[in-house]
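Trainee: Before I ask anything, here is the structure I am working with.
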Amino acid sequence: RNARDFDALAARLAGRWRLIAVDFRGRGESAYAKDPMSYVPLTYVQDVEALLTDHGIDRYIAFGTSLGGIVTMLMAGPSRGRMMAALLNDVGPEIDAQGLSRIRGYVGKASVFPTWMHAARCVSENNADVYPDWQIEDWLAMAKRLYRLNSSGRIVLDYDLKIAEPFRVPGNEAGPDMWQALGSLRDVPTLIVRGGRSDLLSAATAERMAASLDQAELMTVPGVGHAPTLSEPMLQGPIDRLLACALEGAAIRA
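Just so you know, the sequence shown maps onto residues 102 to 355 in the numbering used here.
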């Protein structure tokens, strides 16, 4: 996934906020890494910190979907006092094995299509359980976020296929204590979003996350899997409330 996932949300917030949509290394407009083993969350944290420094950003609000949410949690500790608010979209300290297995089943596998409609049909087949109510125009828009037209006129995935290599290293599942990382958001206004059909973030984990934070709100988007697009009408109010709380330094809970 890449920065284009935030297009609809960015269009709604543009004009009121300075927005920076990040392509992690190896994705979208960012360069591919020389060492594929650098495609890990701690490296992404370093990249984003460098980006913030380059732009002279002292305080910020972080929105993260899936991997972006993991990076957000990991940044919360080092960014204490700088992260004004956070949105964690369908991800938490514990990831369900079923969802992780599904992701491992497709990430890094090449797919090439002659037309955008072919790409849209493939995306539809692979994600029908995630967005059961979507129509062909929705799948076409998603395909154009996930794929790009290469120099040969073929439609290919818009990321370095080598991002999957760290997944394949035996024992590489171990990493930072993510519950400890989440704890760094204890006093930070935080919106936790979960897809009602998610196979990555369980309802129990999402509820535990919300209970462990002093200023958290949990929103579940019904009929959607991993992950909500953040453009759902029911999320507009909570997102606006989160942003207002960040400015006021108030708790997000009503």
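The beta-carbon is built from N, C-alpha and C at its ideal position, and this holds for glycine as well.
1. From F125 to S139, what does the alpha carbon distance come to, in whole angstroms?
2. What is the rounded straight-line gap between the Cα of A198 and the Cα of L262?
3. Determine the burial state of G193: buried for a count of at least 16 other Cβ atoms within 10 Å of its Cβ, exposed for fewer.
4. Do M310 and I293 count as a contact pair if the criterion is CB distance below 8 Å?
5. Closest to V322 by C-alpha separation, out of G296, M174 and L314, would be which residue?
6. Along the chain, where does the alpha helix (DSSP H) that runs through A307 open and close?
7. Where does R181 sit, in a helix, a strand or coil, going by DSSP?
8. Can you look up Y260 in the DSSP assignment and give me helix, strand or coil?
9. Mind checking Q337: buried by the 16 CB within 10 Å criterion, or exposed?
10. Under DSSP, the alpha helix (DSSP H) around L336 begins and ends at which residues?
11. Is there contact between the stretch 212-221 and the stretch 312-319, where contact requires at least three CB pairs shorter than 8 Å?
12. Just list the beta strand (DSSP E) runs in the stretch 207-262, keeping only unbroken ones of 3 residues or longer that don't cross its boundaries, in chain order.
13. For the candidate residues I162, A328 and F107, whose alpha-carbon lies nearest to that of R183?
14. Can you tell which of G170, G129 and A122 has its C-alpha closest to the C-alpha of N251?
15. Just curious, the beta strand (DSSP E) that G296 is in, first and last residue?
16. Rank A115, A265 and D155 by C-alpha distance to the C-alpha of G206 and give the top, closest one.
17. Secondary structure at L201, three-state DSSP: helix, strand or coil?
18. If we count Cβ pairs, one from each stretch, closer than 8 Å, do we get three or more for the stretch 242-260 versus the stretch 281-290?
19. Which residue comes first and which comes last in the alpha helix (DSSP H) that contains T330?
20. So, helix, strand or coil for V322, using DSSP?
Mentor: Once the coordinates are examined:
1. Within the sequence shown, the letter at position 24 stands for residue 125. Within the sequence shown, the letter at position 38 stands for residue 139. Taking the straight line joining both Cα atoms gives about 11 Å.
2. Translated into the one-based positions of the sequence shown, residue 198 becomes position 97. Translated into the one-based positions of the sequence shown, residue 262 becomes position 161. Roughly 22 Å separates the two Cα atoms.
3. In the sequence shown, counting from the first residue as 1, residue 193 sits at position 92. Buried is the call here.
4. In the sequence shown, the residue the question calls residue 293 occupies position 192. In the sequence shown, the residue the question calls residue 310 occupies position 209. Closer than 8 Å, so yes.
5. On the sequence shown, position 221 is the one that residue 322 refers to. The residue with the shortest Cα to Cα distance from V322 is G296.
6. Here residue 307 refers to the residue found at position 206 when the sequence shown is read from its first residue. Unbroken alpha helix (DSSP H) run through A307: A304 to S313.
7. Taking the first residue of the sequence shown as position 1, residue 181 is located at position 80. Looking at R181 - three-state DSSP - the assignment turns out to be coil, as it is neither helix nor strand.
8. To locate residue 260, count along the sequence shown from 1; it is residue 159. Looking at Y260 - three-state DSSP - the assignment turns out to be strand.
9. Numbered from its first residue, the sequence shown carries residue 337 at position 236. Q337 is exposed by the Cβ-count criterion.
10. Within the sequence shown, the letter at position 235 stands for residue 336. Run containing L336: P334 to E349, per the alpha helix (DSSP H) assignment.
11. no
12. 248-250 and 256-258
13. As a working note, residue 183 is residue 82 in the sequence shown. With distances taken between Cα atoms, R183 lies closest to I162.
14. For the purposes of this step, residue 251 is taken as the residue at position 150 of the sequence shown. Minimum Cα distance to N251 is reached at G129.
15. Within the sequence shown, residue 296 is the residue found at index 195, counting from 1. Here the beta strand (DSSP E) through G296 covers T291 to G296.
16. Taking the first residue of the sequence shown as position 1, residue 206 is located at position 105. Selected option, being the one with the closest Cα: A265.
17. Position 100 of the sequence shown holds residue 201. L201: helix per DSSP, three-state reduction.
18. no
19. As a working note, residue 330 is residue 229 in the sequence shown. Segment: none, T330 is in no alpha helix (DSSP H) and carries neither H nor E.
20. As a first step, residue 322 is located in the sequence shown; it is residue number 221 there, counting from the start. Three-state DSSP puts V322 in a strand.
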